[in-house]
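Below is one structure, written out as structure tokens; the observations come after it.
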Amino acid sequence: MSGIILPGADGALYQRDRAWHPAADTPGYKSTTFRAPKHSLLALGPTKSEMSGPTFGHEKLGALDNDLIRNFSQDGSDAIGQRMIVYGQVLDENARPVPHTLVEYWQANAGGRYRHKKEGYLAALDPNFGGFGRSITDENGFYHFRTVKPGAYPWPNGGNDWRPAHIHFSVFGHAFAQRLITQMYFEGDPMIWQCPIVATINDKAAIDQLTARLDRQNTTPMDALAYRFDIVLRGRRSTMFENKLEGN
Amino acid sequence: MLHPVPTLKETPSQTAGPYVHIGMTPNFCDIPGVYATDMGSTMINGEVEGERITLNIRLIDGAGVPLNDGLVEIWQADASGSFVSPTAPNSNSVPAFTGWGRQPANGDGVAAFETIKPGRVAGPDGKPMAPHVSLWIVARGINIGLQTRLYFEDEAEANEGDFVLNKIMDKRRRQTLIARKENAGRYHLDIHLQGEKETVFFDI
Ligand SMILES: [Fe+2]
Chain A
1 MSGIILPGAD GALYQRDRAW HPAADTPGYK STTFRAPKHS LLALGPTKSE
51 MSGPTFGHEK LGALDNDLIR NFSQDGSDAI GQRMIVYGQV LDENARPVPH
101 TLVEYWQANA GGRYRHKKEG YLAALDPNFG GFGRSITDEN GFYHFRTVKP
151 GAYPWPNGGN DWRPAHIHFS VFGHAFAQRL ITQMYFEGDP MIWQCPIVAT
201 INDKAAIDQL TARLDRQNTT PMDALAYRFD IVLRGRRSTM FENKLEGN
Chain B
1001 MLHPVPTLKE TPSQTAGPYV HIGMTPNFCD IPGVYATDMG STMINGEVEG
1051 ERITLNIRLI DGAGVPLNDG LVEIWQADAS GSFVSPTAPN SNSVPAFTGW
1101 GRQPANGDGV AAFETIKPGR VAGPDGKPMA PHVSLWIVAR GINIGLQTRL
1151 YFEDEAEANE GDFVLNKIMD KRRRQTLIAR KENAGRYHLD IHLQGEKETV
1201 FFDI
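Here it is, written out as structure tokens:
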């Protein structure tokens, strides 16, 4: 093969496939009405400012930061709900693991109630459940945490819209341009297909990518089910030049 | 092997929802005791070169209403124009200047950062870009994080020659990225999500 180097392409990220992501303006999700920018985005290849990003190796995470069953416990007892482990691998678009990156997550309790002063749902608060945690991926890009399955909840959008059970995720990667926020759903939940926020995504395969799989192999017997949720961040375009240097 | 197209699809984005503060700034959100501090709340941890500044970034929707449920992250160079240790993910020492900040929008829609004025970073054309701060904005009603930049009113000459500002063809819209200097060391930028003064957002 000839070693053609595309000018400017060395190490740049793949362009974001905006058709795979939700559009900004999605009338079915009413909060976008006044919050969606109307101008088209200005295409800008990443510069040094966006190809770099914060690292979190110096952050000392607490031992319970990835244990939502215990990290807010007030009286030493566990949070109420169906116990489960959520785990997965953070990869880039080239299927390379993304090690040492921060993954944050938050969710409603088992009844579908968030610990927030503006939350209006009548489901009860669990005094021992805060609803959030964080992990740093290991050298192979894996994260894991323990929690209870969040409940579905109603929300003011249409007359009677309900969110499917879900967990919110925030992920960094190693470049600020990789920054991602998303939500994880549960395999087999019929409510996924009735949700106006899920429906902001057009492609069914993209929705499938947000659906965690029940993983019986990693279940903790007599304790917790396991769900696997892999996360893919933007990847760098490789060039012949780079390949030669790194030998891959 | 050459990768003309990616092997995997990027995980699609979903909105941060109304309770992003629970997960990302829990102490601000009245859920203390789990994390010692909210990550990104302090950017300066010691002696650092450069002018200390405050950035007040206000989020406003298309009806003119401030977003009190939003969240802003910033990423910037230090005073010399360098980014902090991107090659040292396992470093045990806390950098004196982290370059990264995260703040919730408060009741007035303002995310306030205590930082230092960034130096100039080389642009893709090899020329230094004007001092700037990269922004990432999420909230209920925002389906995918919004990316933009903050520039400084008192850097008019550098702004004139900036690679990114000059990509904005409609010159009037360049103003949407330029923070107003309120007084010494205090800058204010309104981010308009839509409307006449809609901020220029990037596809990076
Ligand atoms: Fe939610």
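Going down the list, the sequences are from chains A and B.
Residue 65 in the numbering used here sits at position 65 of the first sequence; the count goes up by one each step and never skips.
Residue 1082 in the numbering used here sits at position 82 of the second sequence; the count goes up by one each step and never skips.
Virtual Cβ for every residue (Gly too), placed ideally from N, Cα, C.
Just so we're clear, the structure is a prediction, and the values are computed from it rather than from any experiment.
- If you check each beta-carbon in the segment 1173-1197 of chain B against every beta-carbon of chain A, the ones closer than 7 Å belong to Leu1193 and Gln1194.
- Within 9 Å of the CB of threonine 211/A, no CB atom of chain B is found; the nearest one sits about 11 Å away.
- At least 8 Å separates the beta-carbon of valine 1121/B from that of leucine 1055/B.
- With a cutoff of 8 Å on beta-carbon distance, glycine 1123/B and threonine 47/A are scored as near each other.
- Judged by DSSP in its simplified three-state form, glutamine 178/A adopts helix.
- Membership of glycine 1023/B in the alpha helix (DSSP H) is indicated by the continuous run 1020-1024.
- The three-state reading of DSSP puts leucine 1177/B in helix, counting H, G and I together.
- Listed along chain A, the residues sitting closer than 8 Å to arginine 1140/B by beta-carbon distance are Ser31 and Arg35.
- Remark: C-beta atoms of aspartate 1125/B and phenylalanine 1152/B do not approach each other more closely than 8 Å.
- In the DSSP assignment, proline 1128/B forms a beta bridge with Ala1122/B.
- Not one heavy atom of ligand 1 sits closer than 7 Å to the Cβ of alanine 123/A.
- Residue-level contact check: lysine 1117/B does not touch chain A, since none of the beta carbons of chain A fall below 8 Å from its beta carbon.
- C-alpha of valine 148/A to C-alpha of aspartate 189/A: approximately 16 Å in a straight line.
- In this structure, arginine 1140/B has its CB at a distance of at least 7 Å from all heavy atoms of ligand 1.
- One Cα belongs to alanine 1139/B, the other to arginine 1180/B, and the distance between them is close to 24 Å.
- Taking 7 Å as the cut-off, the C-beta of tyrosine 1019/B counts as close to a heavy atom of ligand 1.
- Excluding its 5 nearest sequence neighbours in each direction, histidine 174/A has C-beta neighbours in its own chain below 6 Å: Gly53, listed in chain order.
- Of the residues Glu104/A, Asn66/A, Ala110/A and Leu13/A, the one whose Cα lies closest to the Cα of leucine 122/A is Ala110/A.
- Listed along the chain, the chain B residues whose CB falls inside 8 Å of the CB of leucine 125/A amount to none; the nearest CB is some 11 Å away.
- Spanning the alpha carbons of glutamine 107/A and histidine 39/A requires a straight line of approximately 32 Å.
- Under the three-state reduction of DSSP, aspartate 161/A is assigned to strand.
- DSSP places asparagine 1159/B in the uninterrupted alpha helix (DSSP H) bounded by 1156-1160.
- Cβ-Cβ separation between asparagine 1027/B and threonine 1037/B: approximately 7 Å, consistent with a contact (criterion under 8 Å).
- With fewer than three CB-CB distances shorter than 8 Å, the segment 215-234 of chain A does not count as touching the segment 150-158 of chain A.
- Scanning chain B for C-beta atoms nearer than 7 Å to the C-beta of glutamate 50/A yields Ser1134 and Ile1204, reported in chain order.
- Three or more beta-carbon pairs separated by less than 8 Å link the segment 1003-1014 of chain B to the segment 83-100 of chain A, which places the two stretches in contact.
- Taken from the Cβ of arginine 163/A, at least one heavy atom of ligand 1 lies inside 7 Å.
- Taking 9 Å as the upper bound on Cβ-Cβ separation, chain A lies near residues Lys1009, Glu1010, Thr1011, Pro1012, Ser1013, Gln1014, Thr1015, Ala1016, Gly1017, Pro1018, Tyr1019, Val1020, His1021 and Ile1022 of the segment 1009-1022 of chain B.
- In the three-state reduction of the DSSP assignment, alanine 199/A falls in the helix class.
- For glycine 1123/B, the chain A residues whose Cβ falls inside 7 Å of its Cβ are Thr47, in order along the chain.
- Across the set Tyr1035/B, Arg1052/B, Trp1075/B and Thr1098/B, the C-alpha of Trp1075/B shows the shortest separation from the C-alpha of isoleucine 1137/B.
- Under DSSP, the beta-bridge partners assigned to alanine 1112/B are Asn1056/B.
- Three or more Cβ pairs closer than 8 Å define a contact, and the segment 69-86 of chain A falls short of that threshold against the segment 1106-1118 of chain B.
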